[in-house]
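Trainee: Before anything else, here's the structure in question.
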Ligand SMILES: [Fe+2]
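Numbering (the working numbering), first residue to last: 653 to 986.
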């Protein structure tokens with residue numbers, strides 16, 4: 653078992669890795685679109701997901717009620733070591749070492765939407781950089797209660813990596829759209845507060861309208877279009893999960909992605925890697941779930957992993973780095 657001490661000891665090397673990255677690449681959006689000969693530069697970005705950063709300090713069941721109580725019991729019992737901090741730290745070290753142009757996190761950075769979890773998750777992810785280097789969307793665990801939803805707690809910790817400083821709070825609505833020289837990224841929120849034992853999601857019609865409007869702008873005609881959403885879009889085999897954990901308007905999201913000419917739709921939520929393609933009218937929409945990036949298990953289907961996407965024009969290459977619990981490090985999946 654990895655102890656909290658080993659996590660603290662690792663922080664020095666994590667900061668070292670961040671410095672190495674900073675000296676290598678100053679910002680995700682600063683790379684040039686074309687070289688001197690006019691060829692498109694490749695863009696490399698990582699997808700992390702469902703890192704579920706824990707914060708057990710001061711966590712007492714007597715402080716919780718309702719949905720949080722069931723979640724806290726789950727967290728303190730069977731999920732206690734499911735996403736240990738040392739794995740998150742190994743993950744971030746490894747991501748830094750890949751010297752990428754950008755990193756996206758497709759939701760569930762916390763467990764119970766507690767301020768302590770958000771603080772720790774935000775501090776850890778800042779190792780990767782700010783707005784230019786990092787995009788984080790909320791998952792159902794990040795809008796775990798009506799209070800967290802009402803207070804927009806996720807945006808209070810991650811609004812600055814989604815929206816430029818000049819955007820006032822009132823205009824900070826999803827999707828956040830980031831424009832890179834050859835890629836445009838729309839970050840949706842499917843996270844809504846749900847009753848106990850439920851984990852479904854929904855993307856509002858207004859968000860989808862704004863997404864289509866932004867991505868169909870003529871200036872993005874030649875750009876590779878990427879959309880992020882936490883909930884998966886495929887049907888799960890479990891009848892209970894099909895009811896409790898689904899994206900309620902998955903079909904509408906897919907339809908609007910085709911309307912917007914989206915090339916790649918990235919999701920999390922299932923903790924299982926997933927890839928599919930839908931072809932309609934000659935256009936291909938790739939839909940990819942990375943799986944959880946911090947899951948501490950010997951199950952080869954569920955152990956921590958993350959994807960690295962290389963985009964060159966309309967060409968997409970996907971590689972996966974997976975965690976080896978015995979060696980306590982990530983390496984390429986063969
Ligand atoms: Fe989730």
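No residue lacks a Cβ here, since even glycine has one placed at the ideal position from N, Cα and C.
Owing to the predicted nature of the structure, the values given are computational and were not obtained by experimental measurement.
Please go through the same chain and pick out, in chain order, the residues whose beta-carbon is closer than 6 Å to the beta-carbon of residue 759, but skip the five residues on each side of it.
Mentor: Position 107 of the chain shown, counted from the start, is the residue given in the question as residue 759. 789, 790, 791, 882, 920, listed in sequence order.
Trainee: Looking only at its chain, what residues have a beta carbon closer than 8 Å to the beta carbon of residue 720, apart from the 5 residues adjacent to it on each side?
Mentor: As a first step, residue 720 must be located in the chain shown, where it is residue number 68. If we look at residue 720 and ignore the five residues flanking it on each side, its Cβ neighbours are 764, 796, 797.
Trainee: Which residue marks the beginning of the alpha helix (DSSP H) containing residue 987, and which one marks its end?
Mentor: Beyond the ends of the chain as shown, which are 653 and 986, falls residue 987; an answer cannot be given.
Trainee: I need the boundaries of the beta strand (DSSP E) containing residue 742, first residue and last residue.
Mentor: Indexing the chain shown from 1 puts residue 742 at position 90. Taken as a continuous stretch (DSSP letters only), residue 742 belongs to no beta strand (DSSP E), being part of the alpha helix (DSSP H) at 737-749.
Trainee: Hey, would you say the C-beta of residue 723 is under 7 Å away from at least one heavy atom of ligand 1?
Mentor: For the purposes of this step, residue 723 is taken as residue 71 along the chain shown, with counting starting at 1. For ligand 1, not one heavy atom lies less than 7 Å from the Cβ of residue 723.
Trainee: Expressed to the nearest angstrom, what Euclidean distance is found between the alpha-carbon atoms of residue 985 and residue 735?
Mentor: Mapped onto the chain shown, residue 985 falls at position 333. Mapped onto the chain shown, residue 735 falls at position 83. Going by the C-alpha atoms only, they are around 20 Å apart.
Trainee: Tell me the rounded alpha-carbon separation between residue 873 and residue 930.
Mentor: Looking up residue 873 in the chain shown gives position 221. Looking up residue 930 in the chain shown gives position 278. In a straight line, the C-alpha of residue 873 is about 20 Å away from that of residue 930.
Trainee: Given 7 Å as the limit, tell me if residue 851 has its C-beta closer than that to any heavy atom belonging to ligand 1.
Mentor: In the chain shown, the residue the question calls residue 851 occupies position 199. Yes, the Cβ of residue 851 comes within 7 Å of a heavy atom of ligand 1.
Trainee: Any heavy atom of ligand 1 closer than 7 Å to the Cβ of residue 759?
Mentor: As a first step, residue 759 is located in the chain shown; it is residue number 107 there, counting from the start. Within the cutoff, so yes.
Trainee: At a threshold of 7 Å, does residue 943 count as lining ligand 1 (C-beta to nearest heavy atom)?
Mentor: Along the chain shown, one-based indexing puts residue 943 at 291. For ligand 1, not one heavy atom lies less than 7 Å from the Cβ of residue 943.
Trainee: Are residue 942 and residue 967 touching if we call contact CB-CB under 8 Å?
Mentor: Translated into positions along the chain shown, residue 942 becomes position 290. Translated into positions along the chain shown, residue 967 becomes position 315. Not closer than 8 Å, so no.
Trainee: Taking the C-alpha atoms as reference points, what is the distance between residue 716 and residue 773?
Mentor: Start at 1 with the first residue of the chain shown, and residue 716 comes out as number 64. Start at 1 with the first residue of the chain shown, and residue 773 comes out as number 121. Whole-angstrom Cα-Cα distance: 21 Å.
Trainee: Are the beta-carbon atoms of residue 879 and residue 831 separated by less than 8 Å?
Mentor: Within the chain shown, residue 879 is the residue found at index 227, counting from 1. Within the chain shown, residue 831 is the residue found at index 179, counting from 1. The answer is no: Cβ separation not under 8 Å.
Trainee: Indicate, with yes or no, if ligand 1 has a heavy atom lying under 7 Å from the CB of residue 965.
Mentor: Your numbering for residue 965 matches position 313 in the chain shown. Outside the cutoff, so no.
Trainee: Tell me whether residue 726 counts as near ligand 1, meaning its Cβ is closer than 7 Å to at least one heavy atom of that ligand.
Mentor: Within the chain shown, the letter at position 74 stands for residue 726. Residue 726 Cβ: outside cutoff for every heavy atom of ligand 1.
Trainee: Does the Cβ of residue 946 have 16 or more other Cβ atoms within 10 Å, making it buried, or fewer, making it exposed?
Mentor: Numbered from its first residue, the chain shown carries residue 946 at position 294. By the 10 Å Cβ count, residue 946 comes out buried.
Trainee: State the beta-bridge partners of residue 806 as determined by DSSP.
Mentor: Start at 1 with the first residue of the chain shown, and residue 806 comes out as number 154. None; residue 806 has no bridge partner.
Trainee: List the endpoints of the continuous beta strand (DSSP E) containing residue 938.
Mentor: Along the chain shown, one-based indexing puts residue 938 at 286. Run containing residue 938: 935-941, per the beta strand (DSSP E) assignment.
Trainee: Taking C-alpha atoms, which residue in 826, 850, 781, 892 lies nearest to residue 630?
Mentor: As displayed, the chain neither begins before 653 nor continues past 986, which places residue 630 out of reach and without an answer.
Trainee: When the distance is taken between beta carbons, is residue 900 closer than 8 Å to residue 854?
Mentor: Locating residue 854 in the chain shown gives position 202, counting from the first residue. Locating residue 900 in the chain shown gives position 248, counting from the first residue. Yes, the pair counts as a contact, with Cβ atoms nearer than the cut-off.
Trainee: Which of the three DSSP states, helix, strand or coil, is assigned to residue 733?
Mentor: Taking the chain shown and counting its residues from 1, the one referred to as residue 733 is at position 81. Three-state DSSP puts residue 733 in coil, outside helix and strand.
Trainee: Check residue 964 in the structure and name its three-state DSSP category.
Mentor: As a working note, residue 964 is residue 312 in the chain shown. Looking at residue 964 - three-state DSSP - the assignment turns out to be strand.
Trainee: In three-state DSSP terms, what is residue 975?
Mentor: For this step, residue 975 is matched to residue 323 along the chain shown. Looking at residue 975 - three-state DSSP - the assignment turns out to be strand.
Trainee: For residue 752 and residue 723, what's the separation of their Cα atoms in angstroms?
Mentor: Locating residue 752 in the chain shown gives position 100, counting from the first residue. Locating residue 723 in the chain shown gives position 71, counting from the first residue. Cα-Cα distance, rounded: 35 Å.
Trainee: DSSP three-state call for residue 699: helix, strand or coil?
Mentor: As a position in the chain shown, residue 699 is number 47, starting the count at 1. In this structure, residue 699 counts as strand in the three-state DSSP scheme.
Trainee: Have a look at residue 718 and residue 848 and give me their C-alpha separation to the nearest angstrom.
Mentor: Within the chain shown, residue 718 is the residue found at index 66, counting from 1. Within the chain shown, residue 848 is the residue found at index 196, counting from 1. Roughly 7 Å between the two C-alpha positions.
Trainee: In whole angstroms, what separates the C-alpha of residue 916 from that of residue 928?
Mentor: Here the question's residue 916 lines up with position 264 in the chain shown. Here the question's residue 928 lines up with position 276 in the chain shown. Rounded to whole angstroms, residue 916 to residue 928 spans 10 Å at the Cα level.
Trainee: Just to check, is the beta-carbon of residue 754 closer than 7 Å to a non-hydrogen atom of ligand 1?
Mentor: Here residue 754 refers to the residue found at position 102 of the chain shown. No; taking the cut-off as 7 Å, the Cβ of residue 754 has no heavy atom of ligand 1 nearer than that.
Trainee: Run the CB neighbour count on residue 821, radius 10 Å, all protein chains shown included, and call it buried at 16 or more, exposed below.
Mentor: Your numbering for residue 821 matches position 169 in the chain shown. Classification of residue 821: exposed, given that the 10 Å Cβ count is below 16.
Trainee: Starting from residue 893, follow its DSSP beta bridges and name the residues at the other end.
Mentor: The residue you call residue 893 lines up with position 241 of the chain shown. For residue 893, which the question treats as bridged, DSSP gives no partner whatsoever.
Trainee: Leaving out the 5 sequence neighbours to the left and right, which residues in its chain are closer than 6 Å to residue 1016 when beta-carbon positions are compared?
Mentor: There is no way to answer for residue 1016, as the model of the chain reaches only from 653 to 986.
Trainee: Please classify residue 876: does DSSP put it in a helix, a strand, or coil?
Mentor: By one-based count along the chain shown, residue 876 stands at place 224. In the structure shown, residue 876 sits in a strand (DSSP, three-state: E or B).
Trainee: Using 7 Å as the cut-off, classify the Cβ of residue 920 as near or not near the heavy atoms of ligand 1, replying yes or no.
Mentor: The residue you call residue 920 lines up with position 268 of the chain shown. Residue 920: yes, Cβ under 7 Å from ligand 1.
Trainee: Name the residue from 828, 829, 705, 845 whose alpha carbon lies nearest to the alpha carbon of residue 803.
Mentor: Position 151 of the chain shown, counted from the first residue, corresponds to residue 803. For the residues 828, 829, 705, 845, the minimum Cα distance to residue 803 belongs to 845.
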